[in-house]
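If you read the protein sequences in the order shown, they are chains A and B.
Going by the numbering used here, the first sequence opens with residue 5, and the numbers climb by one from there.
Going by the numbering used here, the second sequence opens with residue 5, and the numbers climb by one from there.
Comments concern the structure below.
Protein chains: 2
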Amino acid sequence: MAVTMRDVAQAADVSIKTVSNVINDHPNIKAETRERVLLAIEKLGYQPNLSARGLRSGRTDVISLIIPDLKNAYFAELADAVMTAASKRGKVVIIEQSGGSRTRELEILHGPRMRMVDGVLYSVLGLGQEDVGLIDIPTPMVLLGERIFHGPTDHVTMQNIEASQAATKHLLQRGRTKLLAFGAHRNEVIGSAGLRLEGYRRALQNAGLDYRDELAIDVQSWHRSDGAQAMRQVLESGLEFDGVVAFNDSIALGAMRVMQDAGLRIPEDIAIIGFDDIDETRYSLPTLSTIDPGRRQIAETAVAMLLERIDGAAEATPAREFEADFKVISRESTAIKSAEDSA
Amino acid sequence: MAVTMRDVAQAADVSIKTVSNVINDHPNIKAETRERVLLAIEKLGYQPNLSARGLRSGRTDVISLIIPDLKNAYFAELADAVMTAASKRGKVVIIEQSGGSRTRELEILHGPRMRMVDGVLYSVLGLGQEDVGLIDIPTPMVLLGERIFHGPTDHVTMQNIEASQAATKHLLQRGRTKLLAFGAHRNEVIGSAGLRLEGYRRALQNAGLDYRDELAIDVQSWHRSDGAQAMRQVLESGLEFDGVVAFNDSIALGAMRVMQDAGLRIPEDIAIIGFDDIDETRYSLPTLSTIDPGRRQIAETAVAMLLERIDGAAEATPAREFEADFKVISRESTAIKSAEDSA
DNA sequence: CAAAGTCTTTCCAACGTTGTAATCTTCAGC
DNA sequence: GCTGAAGATTACAACGTTGGAAAGACTTTG
Chain A
5 MAVTMRDVAQ
15 AADVSIKTVS
25 NVINDHPNIK
35 AETRERVLLA
45 IEKLGYQPNL
55 SARGLRSGRT
65 DVISLIIPDL
75 KNAYFAELAD
85 AVMTAASKRG
95 KVVIIEQSGG
105 SRTRELEILH
115 GPRMRMVDGV
125 LYSVLGLGQE
135 DVGLIDIPTP
145 MVLLGERIFH
155 GPTDHVTMQN
165 IEASQAATKH
175 LLQRGRTKLL
185 AFGAHRNEVI
195 GSAGLRLEGY
205 RRALQNAGLD
215 YRDELAIDVQ
225 SWHRSDGAQA
235 MRQVLESGLE
245 FDGVVAFNDS
255 IALGAMRVMQ
265 DAGLRIPEDI
275 AIIGFDDIDE
285 TRYSLPTLST
295 IDPGRRQIAE
305 TAVAMLLERI
315 DGAAEATPAR
325 EFEADFKVIS
335 RESTAIKSAE
345 DSA
Chain B
5 MAVTMRDVAQ
15 AADVSIKTVS
25 NVINDHPNIK
35 AETRERVLLA
45 IEKLGYQPNL
55 SARGLRSGRT
65 DVISLIIPDL
75 KNAYFAELAD
85 AVMTAASKRG
95 KVVIIEQSGG
105 SRTRELEILH
115 GPRMRMVDGV
125 LYSVLGLGQE
135 DVGLIDIPTP
145 MVLLGERIFH
155 GPTDHVTMQN
165 IEASQAATKH
175 LLQRGRTKLL
185 AFGAHRNEVI
195 GSAGLRLEGY
205 RRALQNAGLD
215 YRDELAIDVQ
225 SWHRSDGAQA
235 MRQVLESGLE
245 FDGVVAFNDS
255 IALGAMRVMQ
265 DAGLRIPEDI
275 AIIGFDDIDE
285 TRYSLPTLST
295 IDPGRRQIAE
305 TAVAMLLERI
315 DGAAEATPAR
325 EFEADFKVIS
335 RESTAIKSAE
345 DSA
């Protein structure tokens, strides 16, 4: 059977509690005793039983990360960043995939596995602002994403409006004026799509241009195939445009592929910028300009906030909102020689 | 505080053990009693304490998946497949990233978290055949990948040699004869690189062609940037070739990008096929022919085997080897009009 | 209608750990 | 050398659950 504290205690000729004290760095242990215990631990290869510890202490040192889909590059990279941040602080991460489904998200939030974790990072997709009442669970939680603001818990997100505005401005500065807002969700006000559309509008306004509704292209699901599909329709419709502000990188890449198939040159004929800075954008042909949403900062902050809540260190603090810094990443897909191209 | 069995028992006016029996579907419970208990559970919102259950039963229903890197599309998709397979059987997955480092892999294998899981799926990268002695841990384990064969545990892998041979043949059939083996590791015999090179050689041999060592291109790390880098050197060297058998999709995509930059047309000038069938291959320009390694089958089989070991159902069975079915996926990057192009 | 089953429920102990409080040891101060 | 305080160690109980076996209820059978 597995080695327990009992065995270690026996080997070191101390009580079980002393072993526990050594392991947990309690004060008041004679150096000689500590030595002896550590030696016994080493010799027997003792490793604590985490279930027992969890039972007794009420802590498991496990946190849960709820995301829509690991196969989606953005979330894979987010998961990696979260796991790295958590690992630094000695926590393990369980990833739960929701598929972006409302039902599934609720299932997970209220499921039995919540009882096995100390806290949750919940990247909301299926639920929305109107569901804010449903997310008040006993487990400490930090929200991610753009679907729910001002909920009962801390919230970490990116600067959607500002970033989208900057992306749009980036194209405007390069002399493009007929810009598609690619990936809109017509009836959405908040949510990534709604906010990014708002940023797009503001940039146009600042530049003294009118918002033209036909240039806002709906793409329901933000996968590459959807981007390709939507772009195919745009081209068939004969709509005129010279730039694309895509609301994420995947649909940008899908659209880019379709445009190239149709003989359009990027960036000469059409300039395009995406959102998320997924790894692939550095290797596409042409490389894709995009927005770095501050993923690492988001992960670090979210984990730190969650641990504060778990430790009770932020008990009195009201729900916090944090927006990460973003950056415009300029690559080939917007590399246009232009008089207006400023440094 | 949280609701426990004690509260449920009280509410249903039965003993704690009866509640436990109901939850665990023990036989011999009066229908009326079961009803009453379930009602109480529902009403109080009881959820079992998994730490306590784990402590008492020795089972946590958690399995660990050790992979090199989540940001790598192949492993993200593998993780997704494993999580789906595990979820079907009521298990949770903890992902541990090793970075492919030998030290880190050993750390994880012998770390305290192994004590919190029922079993491990270990996608070997840092260790090798010579380390076979180091992986004999008490936790049930199933190995994945091509680094260790005939270890002390079950092993699930793809048909590397056969698949690589088929990929090579695919190009040969299309009239290409000067084929790069792209992604070789010179001194490796087993390991994906070694096996895939072997498949490449066999296909040449079957076609009556000589193996030319200068056509085997070393690419140490199989990331896109490494593929790009290696291809740049090949082009500079002036080496002549008309086809590329890339040992994974990422380096294929990197290489493709570089070749296109250099004005080479794909597939007209150079035909190229990859390995892994990652999602991106369906959307690159041109779309990339590749090998579907049977990822879903690998995940399903590995999880099933692991659970058999955990349940002790396969106690007497010696270590098993399983090779998944593969498929050649023909896409644009090898779509060459040719007399020899067979159906 | 008693004996012998079969179902159903309960009691008790244990899993391995840590918090609390009590006990034992050491050492300074006089 | 004695007192008291601080330092080091230990005993005990408890966390919430489940396995094993005993006890209670009900049914069948001769």
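Each residue gets a CB set at the ideal place from its N, CA and C atoms; glycine is no exception.
Query - Meets three-Cβ-pair contact criterion under 8 Å: the stretch 45 to 60 of chain A and the stretch 258 to 275 of chain A - result: Contact between the stretch 45 to 60 of chain A and the stretch 258 to 275 of chain A is absent, because fewer than three Cβ pairs lie under 8 Å.
Query raised in the report: Does the distance from the CB of Glu109/A to the CB of Leu74/A come in under 9 Å?
Result: Cβ atoms of Glu109/A and Leu74/A: not closer than 9 Å.
Query raised in the report: Looking at Ser168/B and the ligand NAP, is the gap between the Cβ and the nearest heavy atom below 8 Å?
Result: For the structure depicted, the ligand NAP is absent and the ligand set is empty, with no information on it obtainable.
**Report entry** Sub-9 Å separation of Ile282/B and Ala250/B beta-carbons
**Finding:** No, Cβ-Cβ distance for Ile282/B and Ala250/B is not below 9 Å.
**Report entry** chain A contact for Ala77/B (CB, 9 Å cutoff)
**Finding:** So, interface residue.
**Report entry** Glu150/B, buried or exposed, once every other Cβ within 10 Å from all chains shown has been counted against 16
**Finding:** Buried, by the Cβ-count rule.
Query - Cβ shell of Asn380/B (< 8 Å), same chain only, five flanking positions each side left out - result: In the structure as shown, chain B begins at 5 and stops at 347. Residue 380/B is therefore absent and cannot be evaluated.
Report task. Let me know if Leu43/B comes out buried or exposed under the rule of 16 or more other beta-carbons within 10 Å of its beta-carbon. Result -> Leu43/B is exposed by the Cβ-count criterion.
Query raised in the report: Looking only at C-alpha atoms, which of Leu183/B, Ala234/B and Ile194/B sits nearest to Leu209/B?
Result: Strictly speaking, residue 209/B in this sequence is Gln, with Leu absent from that position. Per the Cα distances, Leu183/B.
Query raised in the report: Which residue's Cα is closest to the Cα of Ser61/B: Met120/B, Pro72/B and Arg106/B?
Result: Closest option to Ser61/B, Cα to Cα, is Met120/B.
Requested in this report: Examine chain A for any beta-carbon lying closer than 9 Å to the beta-carbon of Ala51/B, and answer yes or no.
Outcome: Correcting the residue identity first, residue 51/B is Gln in this sequence and not Ala. Chain A contact via Cβ: present.
Report task. Taking only the alpha-carbon atoms, compute the straight-line gap between Ala323/A and Gly155/A and give it to the nearest angstrom. Result -> Roughly 8 Å separates the two Cα atoms.
Query raised in the report: Which word fits Asn32/B, buried or exposed, when buried means at least 16 other C-beta atoms lie within 10 angstroms of its C-beta?
Result: Flag for Asn32/B reads exposed.
Query raised in the report: Any idea what DSSP makes of Ser241/A, helix, strand or coil?
Result: Helix.
Query raised in the report: Closest by CA to Leu239/B, which one among Ser229/B, Ala259/B, Arg228/B and Leu113/B?
Result: Ranking Ser229/B, Ala259/B, Arg228/B and Leu113/B by Cα distance to Leu239/B puts Ala259/B first.
Report task. Look up Asp11/A in the DSSP assignment and give the residues it is bridged to. Result -> Beta-bridge pairing links Asp11/A to no other residue.
Report task. Answer with buried or exposed for Thr107/A, where buried requires no fewer than 16 other C-beta atoms within 10 angstroms of its C-beta. Result -> Per the 10 Å Cβ criterion, exposed.
Query - Nonlocal neighbours in the same chain, by C-beta distance under 8 Å from Thr8/B, ignoring five residues either side - result: Contacts found: Tyr50 and Asn53.
Query raised in the report: Start and end of the alpha helix (DSSP H) containing Tyr126/B?
Result: Element bounds for Tyr126/B: not the alpha helix (DSSP H) but the beta strand (DSSP E), Gly123 to Ser127.
Requested in this report: From the DSSP output, in three-state form, read off Ile67/B for me.
Outcome: Ile67/B: strand per DSSP, three-state reduction.
Query - Cβ-based burial, Leu243/A [other Cβ within 10 Å; buried from 16] - result: Under this definition Leu243/A is an exposed residue.
**Report entry** The alpha helix (DSSP H) enclosing Val248/B, as first and last residue numbers
**Finding:** Val248/B -> not in any alpha helix (DSSP H); beta strand (DSSP E) instead, spanning Gly247 to Ala250.
Query raised in the report: So which of Asn76/B, Arg117/B and Val96/B has the shortest CA-CA distance to Gly104/B?
Result: Per the C-alpha coordinates, the member of Asn76/B, Arg117/B and Val96/B positioned closest to Gly104/B is Asn76/B.
Query raised in the report: Which residues share a DSSP beta bridge with Asp158/A?
Result: Paired residues: Val146/A.
Requested in this report: Indicate the three-state DSSP secondary structure (helix, strand or coil) for Ile277/A in the structure shown.
Outcome: In the structure shown, Ile277/A falls within a strand segment according to DSSP collapsed to helix, strand and coil.
**Report entry** Three-way DSSP call (helix, strand, coil) for Asp222/A in this model
**Finding:** Strand, per DSSP.
Query raised in the report: Which one of Glu166/B, Arg10/B, Gly123/B and Leu289/B has the shortest CA to CA distance from Asp296/B?
Result: Between Asp296/B and the set Glu166/B, Arg10/B, Gly123/B and Leu289/B, the nearest pair of CA atoms involves Glu166/B.
Query raised in the report: Looking only at C-alpha atoms, which of Arg228/A, Ser102/A, Val248/A and Ile221/A sits nearest to Gln237/A?
Result: When only C-alpha atoms are compared, the closest one is Ile221/A.
Query raised in the report: What is the DSSP secondary structure of Asn16/B, counted as helix, strand or coil?
Result: According to the sequence shown, residue 16/B is Ala rather than Asn. Residue state for Ala16/B is assigned as helix, using DSSP reduced to three classes.
Query raised in the report: Within the 9 Å Cβ cut-off, does Gln101/A reach chain B?
Result: Yes, Gln101/A lies at the interface with chain B (some Cβ there is under 9 Å from its Cβ).
Query - Burial state of Val193/B, where buried means 16 or more other Cβ atoms lie within 10 Å - result: With fewer than 16 other beta carbons inside 10 angstroms of its own, Val193/B counts as exposed.
Report task. Closer than 8 Å by C-beta to Gly94/A: which residues in its own chain qualify, once you throw out the five before and the five after it? Chain order, please. Result -> Answer for Gly94/A: Asp65, listed in chain order.
Requested in this report: Output the distance between the C-alpha atoms of Arg206/B and Ala170/B, rounded to the nearest integer angstrom.
Outcome: As the crow flies, the alpha-carbon of Arg206/B is around 10 Å from that of Ala170/B.
Requested in this report: Leaving aside the five residues before and after Leu113/A along the sequence, list all residues of the same chain whose C-beta is less than 8 Å from its C-beta, in chain order.
Outcome: If we look at Leu113/A and ignore the five residues flanking it on each side, its Cβ neighbours are Ile70, Val124, Tyr126, Leu138, Ile139 and Ile141.
Requested in this report: Round the Cβ separation of Thr161/A and Leu148/A to the nearest angstrom and send it over; I've been treating them as touching at under 8 Å.
Outcome: That belief holds up - the Cβ atoms of Thr161/A and Leu148/A are roughly 7 Å apart, short of 8 Å.
Requested in this report: Could you check how far apart the C-beta atoms of Ala35/B and Val23/B are, in whole angstroms? I think they sit under 8 Å.
Outcome: Not confirmed; about 16 Å, so no contact.
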